[in-house]
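> Heads up: the sequence shown is residues 1 to 160, going by this note's numbering. C-beta: ideal position from N, C-alpha, C; glycine also.
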Amino acid sequence: MIRGKAWVYGDDVDTDVIIPGPYLRTKDVRELACHAMEGLDPEFAKQVRPGDVIVAGKNFGCGSSREQAPLALREAGVACVVAKSFARIFYRNAINVGLPVVEAAVVARQGEVVEVDLAAGKVTVGGRTSLGTKIPDFLLEILQDGGLVAHRRKEKEGAL
């Protein structure tokens, strides 16, 4: 179960505002985290706390296919992104880097407590529960292993 404070954003949050272009050259994930959401919410990286949850509208993560966008959010401490819908490449990149994502139409206010049951695709905010799209078991397994690279390592070790 994921439980954290809501950071609420609208529709069409693109990867350019999640992690602006000038920071894409760094390979230091901590540096990426310092600039997460900077293009939309300059205070986000300073105020987000481990376990917090982003709640957004439709088409979250649209724009470029930069893997740094979900990576920056994960490293900043975001435990999950809940959105009405995701850009497909962002959704898969998030899974690949170990950032949980849930498609669900959720209404939340900034700072409200959000609870996410990944296995059930259930999101609860202020006593209201929404059933979202359940993450397929094979993707849930990748998330539980910490992302695709960690998952493949685990598979390789199990094969020996």
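Whose CA, out of ALA119, PHE90, VAL8 and ALA33, lies closest to the CA of ASN59?
The candidate whose alpha carbon is nearest that of ASN59 is PHE90.
> According to DSSP, is LYS154 helix, strand or coil?
Helix.
> Along the chain, where does the beta strand (DSSP E) that runs through VAL78 open and close?
Per DSSP, VAL78 belongs to no beta strand (DSSP E) and is neither H nor E.
> Looking at the secondary structure, which residues open and close the alpha helix (DSSP H) in which ARG92 lies?
Per DSSP, ARG92 belongs to the alpha helix (DSSP H) from 88-97.
> Kindly indicate which three-state DSSP category THR26 falls into: helix, strand or coil?
Looking at THR26 - three-state DSSP - the assignment turns out to be coil, as it is neither helix nor strand.
> Using a Cβ-Cβ cutoff of less than 7 Å, which residues in the same chain neighbour ARG74 once the five nearest sequence positions on both sides are dropped?
Same-chain partners within the cutoff: VAL97, GLY98 and LEU99.
> SER64 to THR15, Cα distance in whole Å?
Their Cα atoms are separated by approximately 6 Å.
> Within 10 Å of its beta-carbon, does ASP11 have 16 or more other beta-carbons around it, so buried, or fewer, so exposed?
Answer is exposed; the Cβ neighbour count stays below 16.
> List in chain order: all unbroken beta strand (DSSP E) runs of 3+ residues lying wholly within the stretch 54-79.
Runs of the beta strand (DSSP E) inside the stretch 54-79: none found.
> Over what stretch of residues does the alpha helix (DSSP H) that includes ASP16 continue unbroken?
That run of the alpha helix (DSSP H) goes 15-18.
> So which of PRO42, ASN93, GLN110 and GLU115 has the shortest CA-CA distance to ILE142?
With distances taken between Cα atoms, ILE142 lies closest to ASN93.
> Pull up the DSSP beta-bridge partners for GLU134, would you.
Checking the sequence shown, residue 134 turns out to be Lys, not Glu. According to DSSP, LYS134 bridges with nothing at all.
> Ordered along the chain, which non-local residues of its own chain (more than five positions away) have a Cβ less than 6 Å from that of GLU38?
Same-chain partners within the cutoff: PRO20.
> Counting C-beta neighbours from all protein chains within 10 Å, is the total for GLU103 16 or more, i.e. buried, or is it exposed?
Counting Cβ neighbours within 10 Å, GLU103 comes out buried, since at least 16 surround it.
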